[in-house]
Amino acid sequence: MAHLSDIEIASKAEMKPIEEVAATLGIEKDELDMYGKYKAKLNVNQLKKLENEPDGKLILVTAITPTPAGEGKTTTSVGLADAFTKIGKKAVLAVREPSLGPVFGVKGGAAGGGYAQVVPMEDINLHFTGDFHAIGAANNLLAAMLDNHIHHGNALGIDSRKITWKRVVDMNDRQLRHIVNGLQGRVNGVPREDGYDITVASEIMAVLCLANDITELKDKLRQMIVAYTFEGEPVTAGDLKAEGALTALLKDAIHPNIVQTLEHTPALIHGGPFANIAHGCNSVLATKMGLKYADYVITEGGFGADLGAEKFIDIKCRLADLKPSAVVLVATIRALKMHGGIPKKELGPENVEAVLKGLPNLEKHLENIQDVYGLPVVVAINKFPTDTDAELEAVYKACQERGVDVVLSDVWGKGGEGGVELAEKVAELAEKENNFSFVYDEEDSIEEKLNKIVQKVYGGKGVELTKAARKELTELERLGFGNYPICMAKTQYSFSDDATLVGRPTDFTITIRNLKVSAGAGFIVALTGAVMTMPGLPKVPAAEKIDVDESGVITGLF
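Going by the working numbering, the sequence shown wraps up at 563, each residue one higher than the last.
Shown next, in the form of structure tokens:
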């Protein structure tokens with residue numbers, strides 16, 4: 006059976022009506038807004054009714070630095086939620102919604118894999134319940150209102166060379182990165198340079214994921230900075246009187262989506278900021294609702310523990326007052342070999358030496374989780390048929406020296422059953438006292454925060470700011486944003502800002518190209534390296550393999 010593709014496994018699944026799945030958490034049918042038989046939105050107003058209920062334990066799933074060999078973080082998260090159910094615990098999965106960009110690009114879908122998937126997989130990976138469309142529409146309405154204001158006399162004195170708000174589309178489309186618009190005469194607007202971001206990079210995505218209710222959502226939207234005046238003062242969505250209309254477009258999108266795993270464990274899938282260019286976590290509302298309904302909430306931070314986990318802690322946990330109980334660090338033998346310098350085509354044969362050379366990457370992530378974030382951790386080796394006993398032994402030994410347990414996870418091949426040992430270990434760790442701490446203090450200056458992230462988390466020497474970034478830093482501090490947390494926009498493939506430096510690089514500096522404030526979301530974005538806020542498609546995009554037959558059955562989606 007294991008040779009079936011992800012979509013074939015998902016299409017053979019027998020789903021339960023979503024109200025039955027919700028009922029296992031004590032959720033009544035009238036608390037759901039149905040989107041067909043197998044998807045629903047869970048009304049956020051329930052949180053007020055549940056405020057006196059105790060919270061469950063929050064479990065973070067993160068990974069070593071990603072490689073083209075794959076690590077399987079979402080698959081592990083799904084399988085772990087199922088495994089908790091198997092051992093008699095009430096569990097909820099709380100993860101991000103996939104973006105259409107990666108679905109049709111390099112990465113494919115993001116609904117897990119093998120026998121550890123969330124379903125209906127096609128819906129989740131494609132349009133789902135329309136949240137991303139609502140976010141894109143709100144983002145582009147604000148862009149239209151901004152340009153319209155300038156066209157009709159520019160009463161606010163906006164400097165069109167200092168417009169920071171871009172339009173978005175949820176697609177990898179490099180052609181739109183840099184454009185000139187407003188051409189062909191006065192009736193068609195004011196000519197200016199512009200560009201598009203991918204929807205998941207929109208500040209509205211971050212705002213939706215960090216808001217605690219619709220009132221806070223509107224307030225955060227109002228504070229978003231879209232441009233600067235000729236005098237250098239910020240212009241906000243509130244100045245354009247846009248926040249009411251934006252909130253109206255997002256009134257349904259704010260409610261978390263509930264679906265199920267292949268084994269009918271409830272899954273709250275909501276929001277989807279990228280982790281290399283945004284804060285990379287599902288919504289605060291979905292996480293908080295999960296904690297009220299379940300004993301364990303399994304969530305994930307995007308990419309490696311230097312990006313997703315750091316932002317989960319320093320942005321999401323800080324702003325939402327959340328405290329994780331335990332961490333799962335996902336690794337594969339294949340990925341460790343790549344960190345040891347072996348090319349993707351040569352990962353099959355046993356190579357203990359390459360595993361040993363790649364282990365410093367794993368060890369640095371463990372150091373961060375234990376010593377910097379102060380959390381208990383277990384390593385989950387996502388099992389591949391090519392793994393050998395000698396290769397696994399090398400990982401066990403290295404982790405034992407750090408006092409960390411290693412569990413072999415076979416959720417891809419066996420579903421929840423393949424993650425029972427992992428669930429038992431996580432449940433044990435979650436009961437321990439932890440020394441949870443942030444990487445930096447709110448009171449630290451912007452530069453101190455940047456240096457602490459690079460020195461403590463990445464293992465580098467510190468940051469170097471370009472002339473432009475230095476000027477922006479001074480301006481951000483003048484405007485009163487100095488106490489905001491930092492959202493690093495950095496390559497996911499290395500601790501450094503150079504994607505080719507795998508393993509555990511040392512003695513490097515991170516160059517900060519630009520600093521910009523997301524005043525609504527409440528953080529400062531630090532752009533490093535060549536990170537793109539609008540990705541491009543690869544030479545052979547995944548879209549080429551996707552098809553639909555005469556019965557409407559989709560193939561090639563994974």
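Don't be surprised by glycine CBs; every beta carbon is placed ideally from N, CA and C.
Worksheet item: In three-state DSSP terms, what is Pro107?
Response: Residue state, collapsed to three classes: helix.
Discussion item. Suppose you measure from the CA of Leu65 to the CA of Val111; what does that come to, to the nearest Å?
Written reply: A straight-line Cα-Cα distance of about 25 Å links Leu65 and Val111.
Practice prompt. Would you mind working out which of Ala18, Ala340, Thr560 sits nearest Gln122, comparing C-alpha positions?
Written response: Distances from the CA of Gln122 to each of Ala18, Ala340, Thr560 were compared; the closest alpha carbon is that of Ala18.
Worksheet item: When DSSP labels each residue in this structure, what does Ala115 get in the three-state scheme?
Response: Reduced to three states, the DSSP call for Ala115 is coil.
Item to complete: Assuming Val416 contacts Gly423 (C-beta within less than 8 Å), just tell me the rounded distance between them.
Response: About 5 Å separates the two Cβ atoms, so the contact holds.
Worksheet item: What whole-angstrom Cβ distance do Asp175 and Gly141 have, given they're in contact under 8 Å?
Response: With 8 Å as the limit, Asp175 and Gly141 qualify as a contact, their Cβ atoms being about 6 Å apart.
Worksheet entry | Range covered by the alpha helix (DSSP H) that runs through Ala18 | No alpha helix (DSSP H) contains Ala18, which DSSP labels as neither H nor E.
Worksheet entry | Contact set for Leu55: own chain, Cβ-Cβ below 6 Å, skip 5 residues either direction | Cβ-Cβ distances below 6 Å link Leu55 to Lys297 in the same chain, with the five nearest sequence neighbours on each side left out; the list follows chain order.
Discussion item. Which residue wins for smallest C-alpha separation from Tyr445, given the options Pro490, Ile559, Glu480?
Written reply: Scanning Pro490, Ile559, Glu480 for the CA closest to the CA of Tyr445 turns up Pro490.
Worksheet item: Hey, quick one: how far does the beta strand (DSSP E) through His169 stretch, first residue to last?
Response: As written in the sequence, residue 169 is Thr, which differs from the His given in the question. Taken as a continuous stretch (DSSP letters only), Thr169 belongs to no beta strand (DSSP E), as it is neither H nor E.
Discussion item. According to DSSP, simplified to helix, strand and coil, what is Phe89?
Written reply: DSSP places Phe89 in helix when its eight states are reduced to three.
Worksheet entry | Gln405 classed as buried or exposed, judged by whether at least 16 other C-beta atoms fall within 10 angstroms | With fewer than 16 Cβ atoms within 10 Å of its Cβ, Gln405 is classed as exposed.
Practice prompt. Measure the C-alpha to C-alpha separation of Asn50 and Leu255 and round it to an integer number of angstroms.
Written response: Spanning the two alpha carbons is a distance of roughly 15 Å.
Discussion item. Quick check for students: name the residue ranges of the beta strand (DSSP E) that lie wholly in the region 239-267, counting only runs of 3 or more.
Written reply: Runs found: 239-241, 262-266.
Worksheet item: Mind checking whether Ile69 and Leu367 have CB atoms under 8 Å apart?
Response: With respect to the 8 Å criterion, Ile69 and Leu367 are classified as neighbours on the basis of their beta carbons.
Discussion item. One question on the structure: do Trp170 and Ala143 come within less than 8 Å of each other, judged by their Cβ atoms?
Written reply: In this structure, Ala143 does not lie closer than 8 Å to Trp170 by Cβ.
Item to complete: Sort out for me which residues DSSP pairs Thr496 with in a bridge.
Response: DSSP output for Thr496 lists no bridge partner at all.
Worksheet item: Of the choices Thr134, Glu438, Leu267, Pro71, whose alpha-carbon is the least far from that of Leu47?
Response: When only C-alpha atoms are compared, the closest one is Thr134.
Discussion item. Considering Cα atoms alone, identify which of Glu453, Glu436, Pro546, Leu520 is closest to Ile282.
Written reply: Selected option, being the one with the closest Cα: Leu520.
Discussion item. For the ligand ATP, is there any heavy atom lying closer than 7 Å to the beta carbon of Lys316?
Written reply: Of the ligands one can find in the structure shown there are none, so the ligand ATP has no counterpart to examine.
Worksheet item: So who's on the other strand from Phe528, going by DSSP bridges?
Response: Answer is Ser523, bridged to Phe528.
Discussion item. Considering only their Cβ atoms, is the gap separating Gly285 from Gly306 smaller than 8 Å?
Written reply: Taking 8 Å as the Cβ cut-off, Gly306 and Gly285 qualify as a contacting pair.
Discussion item. Output needed for Gly117: all residues of its chain with C-beta closer than 7 Å, excluding positions within five of it in sequence on either side, in chain order.
Written reply: The beta carbon of Gly117 sits closer than 7 Å to those of Thr79, Thr80, Val83, Val123, all from its chain and outside the five residues before and after it, given in chain order.
Worksheet item: Near Lys91, which residues of its chain fall below 6 Å by C-beta distance, leaving aside the five closest residues on each side in sequence?
Response: Hits under 6 Å: Gly421, Val425.
Worksheet item: How many Å lie between Glu102 and Ile274 at the Cα?
Response: Their backbone Cα atoms lie some 6 Å apart in a straight line.
Worksheet entry | Beta carbon of Leu427 nearer than 8 Å to that of Ser414 | Yes, they are a contact pair.
Worksheet item: Is it right to say Lys457 is buried, meaning 16 or more other beta carbons lie within 10 angstroms of its own, or is it exposed?
Response: Per the 10 Å Cβ criterion, buried.
Worksheet entry | 6 Å CB neighbourhood of Gly277 in its chain, flanking five on each side removed | Apart from the 5 residues on each side of it in sequence, Gly277 sits with its Cβ closer than 6 Å to the Cβ of Arg101, Glu102, Ser104, Val205 in its chain, given in chain order.
Worksheet item: Three or more C-beta pairs closer than 8 Å, one from the region 374-388 and one from the region 349-365: is that the case here?
Response: A contact is defined here as three or more CB-CB pairs under 8 Å, and the region 374-388 fails this definition with respect to the region 349-365.
Worksheet item: If you count every other CB in all the chains shown that lies within 10 Å of the CB of Asn387, and 16 or more means buried, which is it?
Response: Asn387 is buried by the Cβ-count criterion.
Discussion item. Just to confirm my understanding: we take Met6, look at its own chain, exclude 5 residues before and 5 after, and list those with CB closer than 7 Å. What are they?
Written reply: With a pLDDT of only 42 at Met6, under 50, the local geometry of the prediction cannot be trusted, and the value read off the model is given with reservation. Counting only Cβ-Cβ distances below 7 Å, and skipping sequence neighbours, we find nothing.
Worksheet item: At which residues does the alpha helix (DSSP H) containing Gly467 begin and terminate?
Response: Where Gly467 is concerned, there is no enclosing alpha helix (DSSP H), although the beta strand (DSSP E) around it starts and stops at 467-470.
Worksheet entry | Segment limits, alpha helix (DSSP H) that includes Phe137 | For Phe137, the enclosing alpha helix (DSSP H) covers residues 136-156.
Worksheet item: Between the C-alpha atoms of Val400 and Gln497, what's the straight-line distance to the nearest angstrom?
Response: Note on geometry: alpha-carbon atoms of Val400 and Gln497 lie some 23 Å from one another.
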